[in-house]
Each structure stands twice: as C-alpha cells, then as structure tokens.
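Have a look at the structure below, then the notes.
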Amino acid sequence: MNFVTRGHDRSTQILIVVVAVAATVALGSALIFTLKRRAVNNVPANTLALWDDANGHGPLAVDIYRPIEMNFLPKAEVYNLRVMAVNRNRELVKGNYTPSEKVFGEIESKRPWYGIHGHYVWASGERSIEGPAYESKFLFNPFNLVGIEFWGLTGWGKSKLRWNRIKIEKAGLNSKDFPFYPLAYDLIWYPDKGYYEIKYDVSGYLREVNKYTVTPVGKDSIEFGLVAYNARDFGLNYIFLDLKHSENITTKIKVSEPLEIKDYLYLSNKCGYPGGCIYHWPGTTKYDYISVTGLPARAEFKLYRDKPELENVRPDLRAIIYFM
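Here it is as structure tokens:
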C-alpha cells in the first residue's frame, strides 16, 4: 500500500510503505484484542508529549500524506496503518499508543469507504466510493489534530461550486493534481510550547478549481467545519475557537465555551452506496459554519483534555491554522 507525502506546495516528497497484508491482519487482530482489554481496564487515553513532557523542542516538521485507497480493507489492517502513521512521529506521543475504541471502534471490516471522487464530485450513490478514501486524509495524518473541511467549496448544500462535468471528465479525476480541495502544507509542531501550525493553500485552490466549474467560485465561498477525531483519539476532548487571536474569521453560531468533540468513524448511509460506507460522525456541528472573510486568515483553536471551569485556564494544546 502506498503513501504519498505532500509537503509544501512547491515540493513533493514521496514515501512508499509496503505493508504485508497477512502480517498486518495478524497484528491487527492482536491489537483489537488489546483495545478491548484496555477499554475494560480503563487505561488512560493516548497522550501527547507536550510542555514539560516534550521530547525535544520545535520546530518539528511533520509530513502530510495524501489520501489512499481503502475500500474493503480488513479492520485490522486499518488499525495497523493508523499505528504506522502515528509511529512516523513517535516523539510526539507519551507512552504507548493504540487507536481508541471511542473513535475507531465502529469501523466495520471489509466495507467500502466514502471516496474522494465520490465526496467532492459524485456526491451520493453508486459512484460515491470511487477514488482514495475521504477519511484517509485525516486518518493517516494523525498529528493534524483539527482537520478542516471546506464545506463552502465542496458542492454540498448551499455551496456555489458546481462542476462542469465535461471538463472534469476530460481532465481525469485520477490526476494527482486535480483540485478536489485546498491542500494542507507546512505542518509544524512546537511540542515544548504546546502548539502546532498548519497552512492551507486556498488561493492556489481557487485558481485551479475554477478551470473546472460552471461559474467561478470566489473567496466569499470559503466556509469550513471541523473534523476533529484525531484530537479526540489523543485524549483532547474539548475544543474552542479563540476569535480574539484569530484574523479574518467569523462564525454564524456564537460559541461561548469549549465544545465536546464527539467525532468518530462508523458505517454511514450518507454516501448513498448500497449497504453504506465508512465515514465520520460530525461531532462539532456548531463549528460547521466558520467563514474566512479575507486572505490570508488565521484561526486559533484551543484544545483541552477536560472542560475548563475558568476562561483563562491554559489549554493543553493550541492548533493555529493559516489560510493563504
């Protein structure tokens, strides 16, 4: 199985990881057994090595991996691929790591996954599972704790994006450069200072995507929500958008206190494929309507293990997201 690393948009690094399926399944079965025992014994959740527990100082550059095909994989293999993804930057984890049951436990083995082509182009139905798995862009980038979904740029709901089917068929959706969504780059961690930064190339995306749309999509369509199960997997259960330290960011719904993160993966009917496909349950829906009012923009999120009782409590981690 191939992983392709996407670094800064000016350069691309390629890393191929070959997984022996038989060994993966065997190890994964043992891992699932361990997870069940762990849940019974109430072992503490996975913990990041931050602040005084940091294994060194930042900046630490973390590679960003492109989505991969996942249709009909055994659950054990999915778990092992997740562990492999975490182990690429093992210095960011304190102690042992196993995928948490509350996030990944409802993944069903050998099921289809909502595809990138399906999610962004075909929407729902028979073709919804085409392309690399949508969730793999989050699942195998575990240290991008607060994932971004640009709902305003997807074609879903009230989005202004409408594909020119003739143009996209001619271009070919299998091209690695097709603009399905704004690409993330420059994921940099500062574990000793308790934060990380990441950038999204929104300007570059808008330039490219309008080659394939019926009418041009502009900056007024940049609206996003969160996919935060990576944070939950590492025991960060609450999130708050700090508008005071954000720039060119507004929300439709006023949120005055940290929200509990409830995201998890499960067999969903949203894709419209017979029998369903693996997708995430959106657990922070009050943050589904965040707008970028100008570029560049900055959104700063505070993450907590436990809900703070006071407003000025230091967060366990900050996620600083730039939209360029």
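Residue numbers (our numbering): 4 to 327.
Ideal Cβ positions, reconstructed from N, Cα and C, are used throughout, including at glycine.
Residue environment, residue i, which counts as buried when at least 16 other CB atoms sit within 10 Å
i, result
"LYS78", "buried"
"VAL391", "Within the shown structure, residues of the chain are numbered from 4 to 327, placing residue 391 beyond reach of any answer."
"PHE36", "Confidence in PHE36 is poor, its pLDDT being 45 and thus under 50, which makes the residue's placement unreliable; the coordinate value appears in the next sentence. Exposed, by the Cβ-count rule."
"PRO194", "buried"
"ILE256", "exposed"
"TRP54", "exposed"
"ARG317", "exposed"
"ILE110", "buried"
"PRO1", "Any question about residue 1 goes unanswered here, given that the chain covers just 4 to 327."
"LYS170", "exposed"
"ARG235", "buried"
"GLY118", "buried"
"PRO3", "Outside the displayed range of the chain (4 to 327) lies residue 3, so it cannot be described from this structure."
"LYS173", "exposed"
"LYS310", "exposed"
"THR27", "With a pLDDT of 46 at THR27, under the threshold of 50, the modelled position of that residue is not reliable, and no figure is offered here."
"LYS202", "buried"
"THR101", "buried"
"PRO182", "buried"
"ASN49", "buried"
"GLY59", "exposed"
"SER139", "buried"
"SER178", "exposed"
"GLU80", "buried"
"ASN99", "exposed"
"ASN83", "buried"
"ASN336", "What is shown of the chain runs 4 to 327, which leaves residue 336 out entirely."
"ALA25", "Its pLDDT being 43, under 50, ALA25 is placed unreliably in this model, and the value from its coordinates should be taken loosely. Under this definition ALA25 is an exposed residue."
"VAL20", "Low confidence applies here, because VAL20 scores a pLDDT of 37, under 50, leaving its location unreliable and the question unanswered by this model."
Residues bridged to residue i [DSSP beta-bridge criterion]
i, result
"VAL301", "The sequence shown places Arg at residue 301, rather than the Val named in the question. Note: ARG301 sits in a beta bridge opposite GLU250, TYR325."
"GLU152", "GLY228"
"ALA136", "GLY118"
"TRP60", "It should be pointed out that residue 60 corresponds to His in this sequence rather than to Trp. HIS60 pairs with nothing; no bridge assigned."
"ALA174", "None, per the DSSP bridge assignment."
"ILE242", "LEU262, LEU306"
"THR50", "LYS97"
"THR216", "TRP166"
"SER294", "GLU226, THR253"
"ILE201", "ILE324"
"SER271", "CYS280"
"ALA187", "TYR203"
"TRP192", "LEU63, TYR199"
Residue from the options with nearest C-alpha to residue i
i, options, result
"ALA64", "LEU95, ARG85, ALA302", "LEU95"
"LEU306", "GLY286, SER127, TYR292, PHE243", "PHE243"
"ASP266", "ASN233, GLU172, GLU200, ILE119", "ASN233"
"THR287", "VAL230, PRO145, LEU142, PHE75", "VAL230"
"LYS222", "ARG235, ASP236, ASP204, TYR215", "ASP204"
"ILE71", "ARG85, ARG317, ILE323", "ARG85"
"ASN3", "GLU129, THR296, LEU270, LEU164", "Past the boundaries of the shown model lies residue 3; the chain is included only from 4 to 327, so the question cannot be answered."
"LEU176", "GLY207, GLY134, PHE153", "GLY134"
"GLY158", "PRO285, PRO62, SER127, LEU148", "SER127"
"ILE247", "GLU314, GLY275, LYS202", "Reading off the sequence shown, one finds Lys at residue 247, where the question assumed Ile. Nearest option by C-alpha distance: GLU314."
"LEU262", "LYS273, GLY108, LEU239, PRO277", "LEU239"
"LEU209", "MET327, ILE264, SER178", "MET327"
"TRP284", "LYS273, PRO277, VAL81", "LYS273"
"SER249", "ARG168, GLU303, SER178, ILE225", "GLU303"
"GLY275", "LEU186, ASN99, GLU129, GLU211", "GLU129"
"HIS120", "ARG168, TRP192, VAL149", "ARG168"
"PRO277", "TRP116, ARG69, ALA88", "TRP116"
"ARG301", "LYS289, ASP245, GLU312, ILE264", "ASP245"
"MET73", "PHE143, GLU104, VAL149", "PHE143"
"ILE293", "TYR325, TRP125, PHE153, LEU148", "PHE153"
"PRO251", "ILE132, TYR325, LYS161", "The sequence given here places Asn at residue 251; Pro does not occur at that position. Looking at the Cα atoms, TYR325 is the closest of the given residues."
"GLU161", "VAL220, ALA88, GLU104, MET87", "A small correction: the amino acid at residue 161 is Lys; Glu does not occupy that position in the sequence shown. Closest option to LYS161, Cα to Cα, is VAL220."
"ASN359", "SER103, ASP180, ALA88", "Beyond the ends of the chain as shown, which are 4 and 327, falls residue 359; an answer cannot be given."
"VAL149", "ILE264, SER131, ASP56", "ILE264"
"ASP56", "LYS196, GLU104, TRP166", "LYS196"
For residue j and residue i, believed in contact at Cβ under 8 angstroms, the rounded distance
i, j, result
"ALA52", "LYS97", "4 angstroms"
"ASP319", "ARG308", "5 angstroms"
"TYR282", "TYR184", "Contact flag wrong, Cβ pair sits at about 16 angstroms."
"ILE151", "PHE227", "5 angstroms"
"PHE141", "ARG114", "That pair is no contact at about 17 angstroms."
"ARG321", "TYR198", "4 angstroms"
"ILE67", "TYR188", "6 angstroms"
"THR296", "THR253", "6 angstroms"
"SER224", "LEU156", "6 angstroms"
"ILE323", "GLU200", "5 angstroms"
"LEU270", "GLY279", "5 angstroms"
"GLY108", "ILE191", "Going by Cβ atoms, the distance from GLY108 to ILE191 rounds to 31 angstroms, so no, they are not a contact pair."
Proximity test, Cβ basis, 8 angstroms: residue i and chain B
i, result
"ILE119", "No chain B is part of this structure, which consists of one protein chain only."
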